[in-house]
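Residues 190 to 377 in this note's numbering are what the sequence shown lists, from first letter to last.
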Amino acid sequence: MNYKINDDVFNFFPALETERLFLMEFKKSDAVELFKMRSDHSILKYLDRDPHKSVEESEIMIDKMIQSFKNKEGINWIIRKKDTKDVIGYIGYWRMIKENVRAEIGYAMKPEYWGNGYMNEALSKVIDFGFNKLCLHSIEGNVNPGNEKSIKLLEKSGFRKEAYFREDYFYNGKFIDTAIYSLLETDI
């Protein structure tokens with residue numbers, strides 16, 4: 190067994206493809222689409238993040254994602270529908286814990302595309318990439334316990350509840366619980 194993240198993956202950005210989707214590198218030109226998602230309260234309801242107030246804020250987030258890839262600390266994809274090229278969401282390994290050969294996954298999708306299996310399709314591809322190309326040992330999902338759709342998606346993909354942290358962090362004037370789900374390479 191390999192117990193080291195495959196850094197060769199970071200030599201060039203790994204665009205991915207599924208039956209209905211393209212998972213591509215974020216570009217500065219995607220800032221308007223990212224802004225639409227990061228300022229949509231129905232998306233942010235369970236992300237527990239402040240909405241972006243400007244496209245410039247989204248540009249800064251894209252710069253951070255690009256730098257994260259260059260630093261071999263994360264990989265984030267913008268999700269486009271193949272048939273229309275429309276941006277429908279994003280997914281990625283936001284944080285890598287190299288010493289534990291583990292990465293944290295995160296994702297979001299525009300509400301008008303919910304319920305069509307797109308995120309399940311993207312997640313399946315990114316999980317496969319994580320285990321077979323990055324050589325991860327485990328993938329973690331950190332979820333607001335109220336986000337039943339995200340929990341259902343993770344469980345459908347084989348993730349198991351690993352921990353529940355009461356009042357784990359302070360956001361927007363209150364303490365919020367978090368649930369940690371994980372998938373091991375041996376679970377697949």
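Cβ coordinates follow ideal geometry from the N, Cα and C atoms, glycine included.
Inter-residue Cα distance where the pair is residue i and residue j
i, j, result
"L312", "S346", "8 angstroms"
"E356", "N309", "29 angstroms"
"V221", "I377", "37 angstroms"
"E351", "F258", "27 angstroms"
"T367", "K287", "22 angstroms"
"L323", "L343", "19 angstroms"
Option in the options with minimal Cα separation from residue i
i, options, result
"I365", "R291, M285, Y235", "Y235"
"G263", "K242, E245, I194", "I194"
"K338", "F215, Y296, K274, W283", "Y296"
"Y370", "V198, I267, K341", "K341"
"K270", "F202, E208, Y192, E344", "E208"
"F199", "S247, F348, N331, F318", "F318"
"I444", "K216, M298, D196", "Nothing in the structure corresponds to residue 444, since the chain is present only between 190 and 377."
"N361", "P240, I268, Q256", "P240"
"D197", "K242, L223, E245, K261", "K261"
"F211", "I268, K363, L223", "I268"
beta-carbon residue i near the ligand ZN non-hydrogen atom, thresh 6 angstroms
i, result
"F224", "Within the structure as shown, the ligand ZN is missing, as the structure has no ligands at all."
Where residue i falls, given that 16 or more other Cβ within 10 Å makes a residue buried
i, result
"Y279", "buried"
"E329", "buried"
"D252", "exposed"
"R238", "exposed"
"H230", "exposed"
"Y353", "exposed"
"S218", "exposed"
"S243", "exposed"
Residues sharing a beta bridge with residue i, DSSP
i, result
"V276", "R269"
Cut-off 8 angstroms between Cβ atoms - residues of its own chain near residue i, not counting five sequence neighbours on either side
i, result
"G281", "M254, G263, I264, N265, W266, I294, G295, Y296, V315"
"R284", "E262, G263, A292, E293"
Own chain, CB closer than 7 angstroms to residue i, minus 5 neighbours either side, in chain order
i, result
"G335", "Y235"
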